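Novice:
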Amino acid sequence: MTDPRIEGPTPEVERPQGPPPMPGAPKGYGRFPTGPVSVEPVTIGPDADAEAFADSVWEPASTAEPVDDARLAPWALFAAIVALATSMFVGWGIPVAIVAVIAAIMSLRRPVESRAMAIWALVLGLAATLFSAGWLIWAAMQFEIMG
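Per the numbering used here, the sequence shown runs over residues 231 to 377.
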């Protein structure tokens, strides 16, 4: 039984020969572009690199531990100096002073850091913390928040 509403193709429509083409592929391809790929090495001529480096074998440079070049003490000293300069005028330098103190303590615990620089950073950071706290206490007294 055929449905009377569906008409057959007109004579000018050509029926394609063979399997239907893959979507998105130009004519002539018979497999998907993501098909399996051969893993065999492709060599075009004599391998000159293999002959030149046949005697050299890679070895690690040394068995020593990696060098730790990251330094924290200079950054702690810089932060302490900035905090101290800020604390001479306002009390809002206290966060930088606290960061400087923490960084100085961390650098004192590391064996590769300059101890003199870390101690200076710690002393200046503590002084900046005290000066900033003094400014904040003075400001609180002026606004009658404290005593």
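No residue lacks a Cβ here, since even glycine has one placed at the ideal position from N, Cα and C.
Just so we're clear, the structure is a prediction, and the values are computed from it rather than from any experiment.
Closest to I332 by C-alpha separation, out of I349, Q372, P239, would be which residue?
Specialist: I349
Novice: For I324, count neighbouring Cβ atoms within 10 angstroms of its own Cβ and tell me buried if that reaches 16, exposed if not.
Specialist: buried
Novice: Tell whether a beta-carbon distance below 8 Å holds between A351 and A310.
Specialist: Taking C-beta atoms as the reference points, A351 and A310 count as a pair closer than 8 Å.
Novice: Can you tell me whether W322 is buried or exposed, with buried defined as 16 or more other CB within 10 angstroms of its CB?
Specialist: exposed
Novice: Assuming contact is defined by CB atoms lying nearer than 8 Å, are A303 and G355 in contact in what I supplied?
Specialist: no
Novice: Which term fits L244, buried or exposed, when burial requires 16 or more other beta carbons within 10 angstroms of its beta carbon?
Specialist: A quick correction: the sequence has Glu, not Leu, at residue 244. Taking a 10 Å sphere around the C-beta of E244, we find fewer than 16 other C-beta atoms and assign the residue as exposed.
Novice: Taking the C-alpha atoms as reference points, what is the distance between Q247 and P271?
Specialist: Taking the straight line joining both Cα atoms gives about 38 Å.
Novice: Using beta-carbon positions only, say whether A330 and A370 come within less than 8 Å of one another.
Specialist: no
Novice: Quick one: using the 10 Å Cβ neighbour count with 16 as the cut-off for buried, is E374 buried or exposed?
Specialist: exposed
Novice: Hey, could you find the ends of the alpha helix (DSSP H) Q372 is sitting in?
Specialist: Element bounds for Q372: 345–372.
Novice: How big is the Cα-Cα spacing for S362 and M318?
Specialist: 8 Å
Novice: According to the Cβ coordinates, are L307 and M336 closer than 8 Å?
Specialist: no
Novice: Does the Cβ of V320 have 16 or more other Cβ atoms within 10 Å, making it buried, or fewer, making it exposed?
Specialist: exposed
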